[in-house]
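Colleague: Residue numbers (UniProt numbering), protein chains in the order written: chain H, 1 to 201; chain W, 1 to 201; chain L, 1 to 201; chain S, 1 to 201.
Sharing a structure here in structure tokens format.
Number of protein chains: 4
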Amino acid sequence: MPQSRKPDSSRRSERSRRAIYDAALALVGEVGYTRTTIEGIAARAGVGKQTIYRWWPSKAAVLLEAFLDVAEQAARGEHELPDTGDLEQDLKLVLRATVDELNSPVYDAPARALAAESVVDPALAARFVEKVLEPQLELYVHRLRGAQDVGQASPGVDPRIALELLVGPLAHRWLLRTLPLTHEYADRVVEYALHGLAPRP
Amino acid sequence: MPQSRKPDSSRRSERSRRAIYDAALALVGEVGYTRTTIEGIAARAGVGKQTIYRWWPSKAAVLLEAFLDVAEQAARGEHELPDTGDLEQDLKLVLRATVDELNSPVYDAPARALAAESVVDPALAARFVEKVLEPQLELYVHRLRGAQDVGQASPGVDPRIALELLVGPLAHRWLLRTLPLTHEYADRVVEYALHGLAPRP
Amino acid sequence: MPQSRKPDSSRRSERSRRAIYDAALALVGEVGYTRTTIEGIAARAGVGKQTIYRWWPSKAAVLLEAFLDVAEQAARGEHELPDTGDLEQDLKLVLRATVDELNSPVYDAPARALAAESVVDPALAARFVEKVLEPQLELYVHRLRGAQDVGQASPGVDPRIALELLVGPLAHRWLLRTLPLTHEYADRVVEYALHGLAPRP
Amino acid sequence: MPQSRKPDSSRRSERSRRAIYDAALALVGEVGYTRTTIEGIAARAGVGKQTIYRWWPSKAAVLLEAFLDVAEQAARGEHELPDTGDLEQDLKLVLRATVDELNSPVYDAPARALAAESVVDPALAARFVEKVLEPQLELYVHRLRGAQDVGQASPGVDPRIALELLVGPLAHRWLLRTLPLTHEYADRVVEYALHGLAPRP
DNA sequence: TCCTAAGCGAGACGGTACGTCCCGTCTTTAG
DNA sequence: CTAAAGACGGGACGTACCGTCTCGCTTAGGA
Numbered sequence: 001m002p003q004s005r006k007p008d009s010s011r012r013s014e015r016s017r018r019a020i021y022d023a024a025l026a027l028v029g030e031v032g033y034t035r036t037t038i039e040g041i042a043a044r045a046g047v048g049k050q051t052i053y054r055w056w057p058s059k060a061a062v063l064l065e066a067f068l069d070v071a072e073q074a075a076r077g078e079h080e081l082p083d084t085g086d087l088e089q090d091l092k093l094v095l096r097a098t099v100d101e102l103n104s105p106v107y108d109a110p111a112r113a114l115a116a117e118s119v120v121d122p123a124l125a126a127r128f129v130e131k132v133l134e135p136q137l138e139l140y141v142h143r144l145r146g147a148q149d150v151g152q153a154s155p156g157v158d159p160r161i162a163l164e165l166l167v168g169p170l171a172h173r174w175l176l177r178t179l180p181l182t183h184e185y186a187d188r189v190v191e192y193a194l195h196g197l198a199p200r201p
Numbered sequence: 001m002p003q004s005r006k007p008d009s010s011r012r013s014e015r016s017r018r019a020i021y022d023a024a025l026a027l028v029g030e031v032g033y034t035r036t037t038i039e040g041i042a043a044r045a046g047v048g049k050q051t052i053y054r055w056w057p058s059k060a061a062v063l064l065e066a067f068l069d070v071a072e073q074a075a076r077g078e079h080e081l082p083d084t085g086d087l088e089q090d091l092k093l094v095l096r097a098t099v100d101e102l103n104s105p106v107y108d109a110p111a112r113a114l115a116a117e118s119v120v121d122p123a124l125a126a127r128f129v130e131k132v133l134e135p136q137l138e139l140y141v142h143r144l145r146g147a148q149d150v151g152q153a154s155p156g157v158d159p160r161i162a163l164e165l166l167v168g169p170l171a172h173r174w175l176l177r178t179l180p181l182t183h184e185y186a187d188r189v190v191e192y193a194l195h196g197l198a199p200r201p
Numbered sequence: 001m002p003q004s005r006k007p008d009s010s011r012r013s014e015r016s017r018r019a020i021y022d023a024a025l026a027l028v029g030e031v032g033y034t035r036t037t038i039e040g041i042a043a044r045a046g047v048g049k050q051t052i053y054r055w056w057p058s059k060a061a062v063l064l065e066a067f068l069d070v071a072e073q074a075a076r077g078e079h080e081l082p083d084t085g086d087l088e089q090d091l092k093l094v095l096r097a098t099v100d101e102l103n104s105p106v107y108d109a110p111a112r113a114l115a116a117e118s119v120v121d122p123a124l125a126a127r128f129v130e131k132v133l134e135p136q137l138e139l140y141v142h143r144l145r146g147a148q149d150v151g152q153a154s155p156g157v158d159p160r161i162a163l164e165l166l167v168g169p170l171a172h173r174w175l176l177r178t179l180p181l182t183h184e185y186a187d188r189v190v191e192y193a194l195h196g197l198a199p200r201p
Numbered sequence: 001m002p003q004s005r006k007p008d009s010s011r012r013s014e015r016s017r018r019a020i021y022d023a024a025l026a027l028v029g030e031v032g033y034t035r036t037t038i039e040g041i042a043a044r045a046g047v048g049k050q051t052i053y054r055w056w057p058s059k060a061a062v063l064l065e066a067f068l069d070v071a072e073q074a075a076r077g078e079h080e081l082p083d084t085g086d087l088e089q090d091l092k093l094v095l096r097a098t099v100d101e102l103n104s105p106v107y108d109a110p111a112r113a114l115a116a117e118s119v120v121d122p123a124l125a126a127r128f129v130e131k132v133l134e135p136q137l138e139l140y141v142h143r144l145r146g147a148q149d150v151g152q153a154s155p156g157v158d159p160r161i162a163l164e165l166l167v168g169p170l171a172h173r174w175l176l177r178t179l180p181l182t183h184e185y186a187d188r189v190v191e192y193a194l195h196g197l198a199p200r201p
């Protein structure tokens, strides 16, 4: 991991930055993360290798920023989960949307690459979680608190843990491809999580 | 990915196979998966590189077999989850044990590496899931069916999905290291999953 | 260079020996000496590698024997240079025939390979010279002695050196391909060698 | 034979070039051409393998350039054969010097290797002949022409062929080590070549 | 308006690992 | 009980990238 003297970011070429994002995402989509190389990104972006090494510490860091860049543009205004007053319906809606996102090819390739790399690189994981994951999860926390306020969720439940009952199963299927990731599955997860596996009295 | 003409596995050197397993696991533990190389494994095992390329298609495949080898020896006789008649206590026991396993250094390094690689390599994922994951998950299915028979779990619940409410959250924390993976967390997950997030009437 | 305990040559398989000769010559002709391998010879001959290592110390040794084998069959009865009484005509005839041989593809490939290897491997060179070269050169010595007896060559001349004035130039052109190796050239060499470069008084 | 896109020779590292020459010549002298490897040269020169593959197509090509490099330095000003007016003495002097050179260990190892490789690799041979051999032979042509002008050599003789009567025999003995290469032999060759093998009238 | 220092494209460099080929030895198996 | 078949430890091959470096060339901004 390089970088000794900090470069002057005010002189940074915006053009190159964008070209690198585009090249990185395109290559990861086309040939996969493993066969994407820094040399390849530089060549495709029409950029010197040093321009990458100057601004990013690793291939994964480039991809994380590129991914964030498109994610931010896509997430215009989505700063809240829907709240129709019906928690179950709202959650089903959200998890179905998440399923669709995880199944979409443009999202899949870079997200998988970043997740895989994070599993094995704690430093990247920290940034991935902070920038990508936590902002999403915070939305659940907020929605669940609202549900507790109106008596649709048990007051004793910790929302930060509760959300993992919803998100964890989806992530599990997506990451390891154990079984298909469908809307039906999303619905089932919401139902089981809300009403429990034990029989109601 | 090599391999053209199939070698004769009856002539295979058992000694080399074991040495390769040992070297692979040792190196992954010592220097991490990424810095573990096939050359390094061969050198450490006192084996020619070709002997590795002859029998395995990739570094990850070597590690998967090595991991399976120790996992099989460790799993002597554990073909069932405990069944004391109290589902909640049994599940807490099992998830706590899983937490301990995921937190143990010897398990962590190879398992993480295999999980990370599986995220990005569907072929490996299929073998990983089939050989490592599914046998474990099947135990949950069996235990949950038992619970349904004695009225401790809702009869309408699909055990294959139900188990993911338990296992998914743990996997999520472990893989991305979002928050600490503790016994308390395991207990909470079991409680929430069994009794639901919605208030009981 | 291997060979510890001598094998029993009486039990040797004649069939394998011939197959190895054929394979070696064929491969050298087809793909060149450098790309001819012992494994390749064995495979082509339908023979185990060990059968080659048992009887020959090196690839070059195999080729030398194979070459000798065909050379012997070709050289049926040619134990003397022609002697018509006219030394110059006889020599021109012989050197022209040598030129033709050196230019013939079937002779060229193995002979070049052996010569090249001999340049760099004194042990092989000794065997190559003894078995291939010297028997040929001895013919020149004999013919030149005859010429001295009848007054067609100076009595003071050492035939062993004299022959090199004839053979050396041809070998030179053949080995390094400096200039074309033609009948005219052979004639010129004979004339210059016999009558000298200095003006006759 | 590699090389796809041409490197920019103006950026070439002179330091590496020289180190590679030195390493190649040293290794060929110490362990012989066959056991000299490109990896070995690179390691000894403190250079990456790619730096060799970038600039040369083969081990032999490296050695040829290295050999030329020292040969050029050694040949400072030797652009003519001696001309005392006595052709025979001059030639004896030159051939004796050639004998000494061929017998000197520092010259022998690389020159043999290049000759051997040239026998079997026409492309290398062409470069070897052009760069090493022909410049030497041209000196003979020039000296023999001079001799013709002053009546010491027959005017009808082709100098390009004549010189091979002198050089061919030496090369023959050197390459195949048939018989010792001595000053006496050199003298005999000059005498026979100049005055012919046939009796003078 | 020029000077100078930075970012930039390009790509050579010392390295490391790749996956392949073949070496020469050793072991197994089928005739 | 011989030899084919071929697995084995080893080492070099030629390639692909790594991360560093040096080269000219813009391209500002301060003098």
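The C-beta atom is built at its ideal place from N, Cα and C for all residues, glycine as well.
Whose C-alpha, out of S:GLU164, S:LYS6, S:ALA111 and S:VAL167, is nearest the C-alpha of LEU68 of chain S?
Modeller: Here residue 68 of chain S refers to the residue found at position 68 of the fourth sequence. LEU68 of chain S has its Cα closest to that of S:ALA111, out of S:GLU164, S:LYS6, S:ALA111 and S:VAL167.
Colleague: Taking just the CA atoms, how far does GLN50 of chain S sit from ALA23 of chain S?
Modeller: Working through the fourth sequence from its first residue, we reach residue 23 of chain S at position 23. Working through the fourth sequence from its first residue, we reach residue 50 of chain S at position 50. Using only the alpha carbons, I get a separation of about 15 Å.
Colleague: Find out if the Cβ-Cβ distance for the pair VAL157 of chain L, TYR21 of chain S is shorter than 8 Å.
Modeller: Here residue 157 of chain L is taken as the residue at index 157 of the third sequence, counted from 1. Here residue 21 of chain S is taken as the residue at index 21 of the fourth sequence, counted from 1. Contact: no.
Colleague: Write down the C-beta distance between LEU129 of chain S and THR178 of chain L rounded to the nearest angstrom, noting that I regard them as a contact closer than 8 Å.
Modeller: Position 129 of the fourth sequence holds residue 129 of chain S. Position 178 of the third sequence holds residue 178 of chain L. Strictly speaking, residue 129 of chain S in this sequence is Val, with Leu absent from that position. Indeed they touch by this definition, with Cβ atoms about 5 Å apart.
Colleague: If you measure from the beta carbon of ALA146 of chain L to each beta carbon in chain S, is any gap under 8 Å?
Modeller: What you label residue 146 of chain L is simply residue 146 of the third sequence in a count that begins at 1. The question names Ala, yet the displayed sequence has Gly at residue 146 of chain L. Cβ-Cβ to chain S under 8 Å: no for GLY146 of chain L.
Colleague: Mind checking whether ALA125 of chain W and LEU176 of chain H have CB atoms under 8 Å apart?
Modeller: Working through the second sequence from its first residue, we reach residue 125 of chain W at position 125. Working through the first sequence from its first residue, we reach residue 176 of chain H at position 176. Against a cut-off of 8 Å, the Cβ pair of LEU176 of chain H and ALA125 of chain W comes out as a contact.
Colleague: With a threshold of 8 Å, are at least 3 pairs of Cβ atoms found where one atom belongs to the region 139-148 of chain W and the other to the region 57-73 of chain W?
Modeller: Counting Cβ pairs under 8 Å, fewer than three are found: no touch.
Colleague: Ends of the alpha helix (DSSP H) at VAL28 of chain S?
Modeller: Here residue 28 of chain S corresponds to residue number 28 of the fourth sequence, with the count starting at 1. Residues 14-31.
Colleague: How about ALA26 of chain W and VAL47 of chain W: do their beta carbons lie closer than 8 Å?
Modeller: Indexing the second sequence from 1 puts residue 26 of chain W at position 26. Indexing the second sequence from 1 puts residue 47 of chain W at position 47. No, they are not a contact pair.
Colleague: Along the chain, where does the alpha helix (DSSP H) containing THR98 of chain L start, and where does it finish?
Modeller: As a first step, residue 98 of chain L must be located in the third sequence, where it is residue number 98. First-last of the alpha helix (DSSP H) with THR98 of chain L: 87-103.
Colleague: Between the region 31-43 of chain S and the region 72-81 of chain S, do three or more beta carbon pairs fall short of 8 Å?
Modeller: No: the two stretches stay apart, fewer than three of their Cβ pairs being nearer than 8 Å.
Colleague: Taking DSSP as the reference, what is the three-state secondary structure of VAL189 of chain W?
Modeller: Along the second sequence, one-based indexing puts residue 189 of chain W at 189. VAL189 of chain W: helix per DSSP, three-state reduction.
Colleague: Would you mind sorting residue 207 of chain L into buried or exposed? The rule is 16 or more other CB atoms within 10 Å of its CB.
Modeller: Since the first residue shown for chain L is 1 and the last is 201, residue 207 of chain L is missing from the structure and cannot be characterised.
Colleague: Quick check: the Cα distance between GLU117 of chain H and ALA116 of chain W, rounded to an integer number of angstroms?
Modeller: Locating residue 117 of chain H in the first sequence gives position 117, where the first residue counts as 1. Locating residue 116 of chain W in the second sequence gives position 116, where the first residue counts as 1. Each residue's alpha carbon lies about 7 Å from the other.
Colleague: Output, in chain order, the set of chain H residues within a Cβ distance shorter than 8 Å of ARG188 of chain W.
Modeller: To locate residue 188 of chain W, count along the second sequence from 1; it is residue 188. What ARG188 of chain W touches in chain H: ASP158 and ILE161.
Colleague: Going along the chain, which unbroken runs of the beta strand (DSSP E) with 3 or more residues stay wholly within the region 153-200 of chain W?
Modeller: As far as the region 153-200 of chain W is concerned, it has no whole beta strand (DSSP E) run of at least 3 residues.
Colleague: Is there at least one Cβ from chain W nearer than 8 Å to ALA116 of chain H's Cβ?
Modeller: Stepping through the first sequence from its first residue, residue 116 of chain H is reached at position 116. At least one chain W Cβ lies under 8 Å of ALA116 of chain H.
Colleague: Determine, using beta carbons only, whether residue 230 of chain H and LEU170 of chain H come nearer to each other than 8 Å.
Modeller: No statement about residue 230 of chain H is possible, as the shown extent of chain H runs from 1 to 201 and does not include it.
Colleague: Helix, strand or coil for VAL47 of chain H, going by three-state DSSP, please let me know.
Modeller: Numbered from its first residue, the first sequence carries residue 47 of chain H at position 47. Note: VAL47 of chain H maps to coil in three-state DSSP.
Colleague: In three-state DSSP terms, what is LEU133 of chain S?
Modeller: The residue you call residue 133 of chain S lines up with position 133 of the fourth sequence. Note: LEU133 of chain S maps to helix in three-state DSSP.
Colleague: Given SER58 of chain S, which residues of its chain have a CB within under 6 Å of its CB, disregarding the five upstream and five downstream residues?
Modeller: Indexing the fourth sequence from 1 puts residue 58 of chain S at position 58. Excluding positions up to five away in sequence, the list is empty.
Colleague: Please tell me whether MET1 of chain W has its Cβ less than 8 Å away from any Cβ of chain H.
Modeller: The residue given as residue 1 of chain W occupies position 1 in the second sequence. Only weak support exists for where MET1 of chain W lies, its pLDDT of 38 falling under 50; the coordinates are left without a value.
Colleague: Whose C-alpha, out of W:GLY40, W:ALA45 and W:ASP8, is nearest the C-alpha of ARG15 of chain W?
Modeller: Counting from 1 along the second sequence, the entry for residue 15 of chain W is found at position 15. Residue W:ALA45 is the option with its Cα nearest to ARG15 of chain W.
Colleague: Using 10 angstroms around the beta-carbon of VAL119 of chain W, count the other beta-carbons present and answer buried if the total reaches 16, otherwise exposed.
Modeller: As a first step, residue 119 of chain W is located in the second sequence; it is residue number 119 there, counting from the start. Flag for VAL119 of chain W reads buried.
Colleague: Sorted by chain position, which residues of the same chain lie with C-beta nearer than 6 Å to PRO199 of chain S's C-beta, five sequence neighbours on each side aside?
Modeller: The sequence position of residue 199 of chain S within the fourth sequence is 199, counting from 1. Correct list: empty, nothing qualifies.
Colleague: Grab me the residues of ASP90 of chain L's own chain with a C-beta within less than 8 Å of its C-beta, minus the 5 sequence neighbours each way, in chain order.
Modeller: The residue you call residue 90 of chain L lines up with position 90 of the third sequence. So the list reads LEU81, PRO82, ASP83, THR84 and ARG143, once near-sequence residues are dropped.
Colleague: Using the beta-carbon of each residue, which ones in chain S are nearer than 7 Å to ALA24 of chain L?
Modeller: Reading the third sequence from its first residue, position 24 is the one you call residue 24 of chain L. By Cβ distance, chain S contributes nothing, its closest Cβ being about 15 Å from ALA24 of chain L, past 7 Å.
Colleague: Does any CB atom of chain W fall closer than 8 Å to the CB of HIS195 of chain H?
Modeller: For the purposes of this step, residue 195 of chain H is taken as residue 195 along the first sequence, with counting starting at 1. Output row for HIS195 of chain H: interface = yes.
Colleague: Should HIS195 of chain H and GLY168 of chain W be called a contact, given that it needs their Cβ atoms to be closer than 8 Å?
Modeller: For the purposes of this step, residue 195 of chain H is identified with residue 195 of the first sequence, where counting begins at 1. For the purposes of this step, residue 168 of chain W is identified with residue 168 of the second sequence, where counting begins at 1. Against a cut-off of 8 Å, the Cβ pair of GLY168 of chain W and HIS195 of chain H comes out as no contact.
Colleague: Measure the CB-CB distance between TRP174 of chain S and LEU165 of chain S and report whether it falls below 8 Å.
Modeller: Residue 174 of chain S sits at position 174 when you count from the first residue of the fourth sequence. Residue 165 of chain S sits at position 165 when you count from the first residue of the fourth sequence. Taking 8 Å as the Cβ cut-off, TRP174 of chain S and LEU165 of chain S do not qualify as a contacting pair.
Colleague: Confirm, please, whether the CB-CB distance from VAL28 of chain L to THR37 of chain L is below 8 Å.
Modeller: Start at 1 with the first residue of the third sequence, and residue 37 of chain L comes out as number 37. Start at 1 with the first residue of the third sequence, and residue 28 of chain L comes out as number 28. No; because the gap between Cβ atoms is not below 8 Å, this pair is not in contact.
Colleague: Step through the CB atoms of chain S and report whether any lies within less than 8 Å of the CB of GLU138 of chain L.
Modeller: As a first step, residue 138 of chain L is located in the third sequence; it is residue number 138 there, counting from the start. No - not a single Cβ of chain S is within 8 Å of the one on GLU138 of chain L.
Colleague: Give the interface partners of GLN152 of chain H over in chain W, defined as CB-CB distance under 7 Å, in chain order.
Modeller: Here the question's residue 152 of chain H lines up with position 152 in the first sequence. Here the neighbours are ALA198.
Colleague: Could you please tell me which residues of the region 163-179 of chain W, in chain order, have their CB closer than 8 Å to any CB of chain H?
Modeller: Going along the region 163-179 of chain W in chain order, one finds GLU164, LEU165, VAL167, GLY168, PRO169, LEU170, ALA171, HIS172, ARG173, LEU175, LEU176, ARG177, THR178 and LEU179 with a Cβ nearer than 8 Å to chain H.
Colleague: Does the beta carbon of VAL119 of chain W sit closer than 8 Å to a beta carbon anywhere in chain H?
Modeller: Within the second sequence, the letter at position 119 stands for residue 119 of chain W. Yes, VAL119 of chain W lies at the interface with chain H (some Cβ there is under 8 Å from its Cβ).
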